[in-house]
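If you're matching positions, the sequence shown starts at 947 in my numbering and goes up one per residue. A virtual CB, placed ideally from N, CA and C, is assigned to each residue, including glycine. One structure is given below, encoded as structure tokens.
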Amino acid sequence: MRDLILRPNYMLAGSNFPIDFRRELAGDFTWAYRNGMFASYQDSLTGSWAVQTPMLYTLARLHREPELTTQAIDREFFSAFAPAEREVRAYFDFWREHCRKIDPVTFRRLAAKNPDRYGTAGGGNTRFTLLAADLFPAEMFIKAQKLLDAAESAAEKNPLTQKRIRFLRAGLTDARLTRECRARQIEMTQAKNSPDAEKAFRKAFRKMCEHRAEVEGDYVCNFGYLADCEADSMGWPHPYVKLKREKTGK
């Protein structure tokens, strides 16, 4: 068999939401390595460090030891959250199980239902947030918050682990506020020129931006990339994007 180059462009998926397909990723990577892969070309990453943490760790770890099993990688990763390994694992497994239930037919249906402002179906790497309100029901964030509460309680006497869990929580909060912003945008669109609906959207948008400003120095997510995607696909009024376009014409 001739040599293979693996181009895992699917790492662009998910925007700033807690998607998790680390086992599928590891399976593809290991298969390619065993069948002659000599290089991995990474088109880009969304920088969603706080919500896709174990998946990104898995990708990095496999480049060092491509024969490692996902079980071994998971043990290594979650050990960093001692003494709350079990609780943090439960948090990420919660999102993994949710993602596994999203089948391709449903995804394509929701993509067609949520086109961007140019009429292109949602769900692509820069248009994933268009599907956020449908893919991630609000009640899921309540359950996820409780799982992180349990993790933080388990790490009560370990300041470093508590800090790491707060990092995960910052990412979850950003995803929840982004989802809320998209839900309010849908309501605003459906209401057609309703001042109250527009006010609700702008309030949600402002709350999301305020949270991002609070944590932007902690590498929770690549908020500049997110702002570009949100402004282009959904028309969200990010002032930095407007200023950049005025200066560069792009």
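Proximity below 7 Å, CB of residue i to CB of residue j
i	j	result
G993	C1167	yes
N962	A1121	yes
A1150	C1127	yes
E1160	F1169	no
Y1037	L1093	yes
E1098	I1111	yes
L971	N1071	no
N1060	L1077	yes
E1144	M1134	yes
V1034	F1024	yes
Rounded Cβ spacing between residue i and residue j (contact assumed at less than 8 Å)
i	j	result
A1030	A1100	4 Å
W1041	D966	5 Å
Reduced DSSP secondary structure (H/G/I, E/B, other) of residue i
i	result
S986	strand
Y1165	coil
T1015	coil
R948	For R948, the predicted model reports a pLDDT of 45, less than 50, meaning its position is unreliable; a value from the coordinates is still stated below. It is coil, neither helix nor strand.
Q1131	helix
W977	helix
W1041	helix
G1181	coil
V1034	helix
L958	helix
P964	coil
Classification of residue i by the beta-carbon crowding that lies within 10 angstroms, buried from 16 upward
i	result
L1106	exposed
F1027	buried
Q1017	exposed
M947	Unreliable placement is indicated for M947, whose pLDDT of 38 sits below 50; the coordinate value is still reported in the next sentence. The residue is exposed, with fewer than 16 neighbouring Cβ atoms inside 10 Å.
* **Minimum length 4: unbroken alpha helix (DSSP H) runs contained in the stretch 1047 to 1123** => 1050 to 1059, 1078 to 1081, 1084 to 1100
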